[in-house]
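Residue numbers (this note's numbering), protein chains in the order written: chain E, 1 to 207; chain A, 1001 to 1207; chain F, 2001 to 2207; chain P, 3001 to 3207.
Here a beta-carbon is modelled for each residue, glycine too, at the ideal position from N, C-alpha and C.
Number of protein chains: 4
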Amino acid sequence: MATEAGAATRRRAGRQRDHSRDAVILEATLAVLAEHGYDRMTIDLVAARAGMARATVYRRWPTKAELVLDAVGRLSSTDVGEIDAAQLPDTGTLREDMIAMIRPFDDEQQQIRIQAVIGLLVLARTDDRLAQAALGAGIGPWIDINRALMQRAVDRGEFAPPADLETLAELIPMMCVSRAVQQLPITYEFSVALIDGVIIPALRGTT
Amino acid sequence: MATEAGAATRRRAGRQRDHSRDAVILEATLAVLAEHGYDRMTIDLVAARAGMARATVYRRWPTKAELVLDAVGRLSSTDVGEIDAAQLPDTGTLREDMIAMIRPFDDEQQQIRIQAVIGLLVLARTDDRLAQAALGAGIGPWIDINRALMQRAVDRGEFAPPADLETLAELIPMMCVSRAVQQLPITYEFSVALIDGVIIPALRGTT
Amino acid sequence: MATEAGAATRRRAGRQRDHSRDAVILEATLAVLAEHGYDRMTIDLVAARAGMARATVYRRWPTKAELVLDAVGRLSSTDVGEIDAAQLPDTGTLREDMIAMIRPFDDEQQQIRIQAVIGLLVLARTDDRLAQAALGAGIGPWIDINRALMQRAVDRGEFAPPADLETLAELIPMMCVSRAVQQLPITYEFSVALIDGVIIPALRGTT
Amino acid sequence: MATEAGAATRRRAGRQRDHSRDAVILEATLAVLAEHGYDRMTIDLVAARAGMARATVYRRWPTKAELVLDAVGRLSSTDVGEIDAAQLPDTGTLREDMIAMIRPFDDEQQQIRIQAVIGLLVLARTDDRLAQAALGAGIGPWIDINRALMQRAVDRGEFAPPADLETLAELIPMMCVSRAVQQLPITYEFSVALIDGVIIPALRGTT
DNA sequence: CGATAAACGAGACGGTACGTCGCGTCTTCTG
DNA sequence: CAGAAGACGCGACGTACCGTCTCGTTTATCG
């Protein structure tokens, strides 16, 4: 019956939490994070920017760390999430595939993301769970895509299976982190240079 | 005047600062850093572990960040500092040179160093000066050595000059950071695999 | 229009407020008040004890203070309210009249009432209106009765009119408050002693 | 030996707590208390008025309640403390003794004291220890003096020993509390009326 | 050798952010 | 509409750490 079916799915009683506010808070979090850095970011600042009370933030995330974690995670899924699985670019060669994937990461938001990751890394020891999550949230999807593209290239015989494909998948993102830390811009050219100068030779060199 | 005479050389009156304590503090700093992570590291904790008063720490380093920076820096110069310039290993091939350099970094202290770097990165936005310094203190010498070894290999004609030697010099350290963040061990094998699977192919591939 | 017809008398549309719940809430209020004291009494606690939602309480009383005020007021009128005016005990002598009036106050609930008054007094500064009301609700009727009994005794010539009858009327209740604050029991004997040892001599002494 | 004698009494190491600040804070506490009442009094407000940081207040008193308690206690000892024991007025008659004692209480500060007591009473249930302390701090000395004066009058045969001297000692203070709650002024005349109209008759009436 | 000036230990102090809790209001759903 | 459940804005609470300051004690150097 419809009533029973609804009963199972029935929303909890009481005023519904306005989940549209989640996004506003996360957005504010990223903004403040980008502007002040992790340790100068304040829940008060975030709440003020989101135009709501501090308690409203705390009702959703128990600590500053979890909030930032989610904010960065959301950031990733926003522009990457939909590019999953089958609909990856398929140009026939790994080089073209990877270059096709650079665009969405070659922008200003990329900087924010990496800054956020860096901000979270400080908590690695504080909360073990956060260590991986920070990486995962910030550059996880990026790594995932690289891994998928390379695996496909291997599968179709473009390259022999490398000893450590995982490390190669992490290579570009990590080198971008390196540049971010040094306040250097992350350019299209830099990424292409990595593909042509490191990734492809490494895969070819395994032969 | 008598007072001016020898003013340059004469030590200031009063009790002399005991510089042997500097090392004790830095050691304590690294220990606490490794144990609790940057944000849970407290000056109080460090002072207690070093067996002295908080003020004694602050007399030497103005802020927590500078303290950690120095601690990590000291860590680097301890086992790397003296290996500068001419006395680098010279086996004739880049591969053997680099492998010879792995040892001093292939230990538990390496983990501490990287954790410290990570801890400091959070301050990149707070204090621009610290951003580079953090990297420099933690993995700077490591990068320097790699750069030197590669440059020498290029100079003696072992490889053609790569487009971006700097990035290649940073490659191993950064990939080690990546593993550290993921709580994975940094093994000898991992480093060798990077040399054989990525660095050498990349240099050869440029040809 | 039909809608307008009888608008004055017609009850408002929709579900009617269940006024039997008022009493339940007030009862719960007194219970929590007695158990935890005013400042640890929570509207949540009261609502939970009454078995209803917080909003249901707030629909009836705008603030915590008003709620307690009413609860204490209700308490008074419950056992005193109907004893008004003409039906006061009339034994012929003030002493016997007052002793006859002691009973209804000589119980455990009396303690609750006084505790509640005490709890409310803290709000005297916050809300001037509440200052008097708190006293009135808690011990007002008690004072009223004493005043009436004494006035009658004066009227029938038992005593000469005292300089400050009002103060004498407040005397017993206030001394009971004093004992309550000191966690001492308010006994029958104590009240009789006040009548014989203070009230009567004071009235006689005026002569 | 002087050194050892000093060792026992030696002040704790470290910067000495500036106890002159205690008084400033207590003063500020009383001022804010008188101005806003207990529940609207804020530690922040007190600290601001005292011209120091919130932490400085919390270093001395763990909670708001303890702070107010001490503030009121200090108030009592300030103007009453020194009037102890032997140096009570001794005019030969209880009436004159008590009237001589009215002065120090017949002022504006008396109002503050009573307001503070009232403010604290709300915590009686929260912290049993505070219940008595509140009374003691606010009007304890006042009661003590009354008790002493009456006892002396009894001792010299001015009156026969009353059944409950304690209650008589509390009588004037409690009736003043009553007036304070009702926002009535506590005048010299009121106190004298109590002495002549209630206390003296009550003592005489016991005969 | 005694004066003196700085190091040192201990901890107070001014700040500032944290995360919690309660009030009284508002929203949403169910009866 | 009443009532339940609970989100929300507000603001105080008490805690923790930072970096500075104060003050009594210790120790090296200078006169």
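{"Item": "Taking only runs of the alpha helix (DSSP H) that begin and end inside the stretch 2138-2203 of chain F, which ones reach a length of at least 4 residues, in chain order?", "Value": "2165-2181, 2188-2194"}
{"Item": "Using a C-beta to C-beta distance shorter than 9 Å, which residues of chain F count as neighbours of A3193 of chain P?", "Value": "A2163, D2164, T2167"}
{"Item": "Spell out a yes or no on whether the stretch 1131-1147 of chain A and the stretch 137-153 of chain E are touching, meaning 3 or more CB-CB pairs, one atom from each, closer than 8 Å.", "Value": "no"}
{"Item": "Alpha carbon to alpha carbon, how far is P3162 of chain P from L3203 of chain P?", "Value": "6 Å"}
{"Item": "A224 of chain E and L26 of chain E: beta carbons closer than 7 Å?", "Value": "With chain E represented from 1 up to 207, any question about residue 224 of chain E goes unanswered, as that position is not in the structure."}
{"Item": "Does DSSP put D3018 of chain P in a helix, a strand or coil?", "Value": "coil"}
{"Item": "Taking the beta carbon of E1189 of chain A as the centre, do at least 16 other beta carbons fall within 10 Å, making it buried, or is it exposed?", "Value": "exposed"}
{"Item": "Could you check the C-alpha separation between R1113 of chain A and V1068 of chain A for me, to the nearest Å?", "Value": "10 Å"}
{"Item": "By the three-class DSSP mapping on this structure, what secondary structure does M1052 of chain A have?", "Value": "coil"}
{"Item": "What residues from the stretch 1019-1049 of chain A come within 7 Å of chain E, judged by C-beta to C-beta, listed N to C?", "Value": "H1036, G1037, Y1038, D1039, R1040"}
{"Item": "Taking 8 Å as the cut-off, does the stretch 2168-2176 of chain F touch the stretch 2184-2199 of chain F (at least 3 CB pairs, one atom from each stretch)?", "Value": "yes"}
{"Item": "Run through chain F and tell me which residues come within less than 9 Å of L3094 of chain P, C-beta to C-beta.", "Value": "Simply none; closest approach about 14 Å."}
{"Item": "Using alpha carbons as the reference points, say which of P:G3205, P:I3145, P:V3046 lies closest to A2193 of chain F.", "Value": "P:G3205"}
{"Item": "Grab the span of the alpha helix (DSSP H) containing P3100 of chain P for me, first residue to last.", "Value": "The residue asked about is misnamed: residue 3100 of chain P is Ala in this sequence, not Pro. Here the alpha helix (DSSP H) through A3100 of chain P covers 3094-3102."}
{"Item": "Counting only Cβ pairs nearer than 9 Å, list the residues of chain E close to G1205 of chain A.", "Value": "D196, G197, V198, I200, P201, A202, R204, G205"}
{"Item": "Taking the alpha-carbon positions, what's the H19 of chain E to A55 of chain E distance?", "Value": "15 Å"}
{"Item": "Alpha carbon to alpha carbon, what distance is there between A3050 of chain P and R3017 of chain P?", "Value": "16 Å"}
{"Item": "Give me, in chain order, the residues of the same chain whose beta-carbon lies closer than 8 Å to that of R147 of chain E; leave out the 5 immediate sequence neighbours on both sides.", "Value": "L165, E166, A169"}
{"Item": "Whole-angstrom Cβ separation of I99 of chain E and I186 of chain E, contact assumed at under 8 Å?", "Value": "So it is not a contact: roughly 15 Å between Cβ atoms."}
{"Item": "Taking a contact to mean a Cβ-Cβ separation below 7 Å, would you say A34 of chain E touches V46 of chain E in this structure?", "Value": "no"}
{"Item": "Go ahead and label D2044 of chain F buried or exposed: buried means 16 or more other beta carbons lie within 10 angstroms of its beta carbon, across all protein chains shown.", "Value": "exposed"}
{"Item": "So that I know if they touch, is there some Cβ in chain F lying closer than 7 Å to that of E3189 of chain P?", "Value": "no"}
{"Item": "Could you work out which residue in A:M1052, A:L1075, A:M1041 is closest to T1063 of chain A when comparing CA atoms only?", "Value": "A:M1041"}
{"Item": "Can you tell me whether R2040 of chain F is helix, strand or coil according to DSSP?", "Value": "coil"}
{"Item": "Using the C-alpha atoms, what's the distance from M2175 of chain F back to I3102 of chain P?", "Value": "20 Å"}
{"Item": "Could you check if A3053 of chain P is buried or exposed, using at least 16 other CB atoms within 10 Å of its CB as the buried criterion?", "Value": "exposed"}
{"Item": "Who are the near neighbours of V3177 of chain P in its chain, counting only those whose CB is closer than 8 Å to its CB and skipping five residues on each side?", "Value": "I3114, V3117, I3118, I3139"}
{"Item": "Looking only at its own chain, which residues have a Cβ that is under 8 Å from the Cβ of Q2151 of chain F, when we skip the five neighbours before and after it?", "Value": "L2165"}
{"Item": "Give every residue of the same chain whose Cβ lies closer than 8 Å to the Cβ of Y58 of chain E, excluding the five residues on either side of it in the sequence, and list them in chain order.", "Value": "I43"}
{"Item": "Cα separation between V2181 of chain F and A3133 of chain P?", "Value": "10 Å"}
{"Item": "Using a beta-carbon distance below 7 Å, is I3083 of chain P in contact with chain F?", "Value": "Any answer about I3083 of chain P is weak, because its pLDDT of 48 lies below 50 and its placement is not dependable; what the coordinates show is given next. So, not an interface residue."}
{"Item": "Taking only the alpha-carbon atoms, compute the straight-line gap between H1985 of chain F and D3039 of chain P and give it to the nearest angstrom.", "Value": "Residue 1985 of chain F lies beyond the range of chain F shown here (2001 to 2207); nothing can be said about it."}
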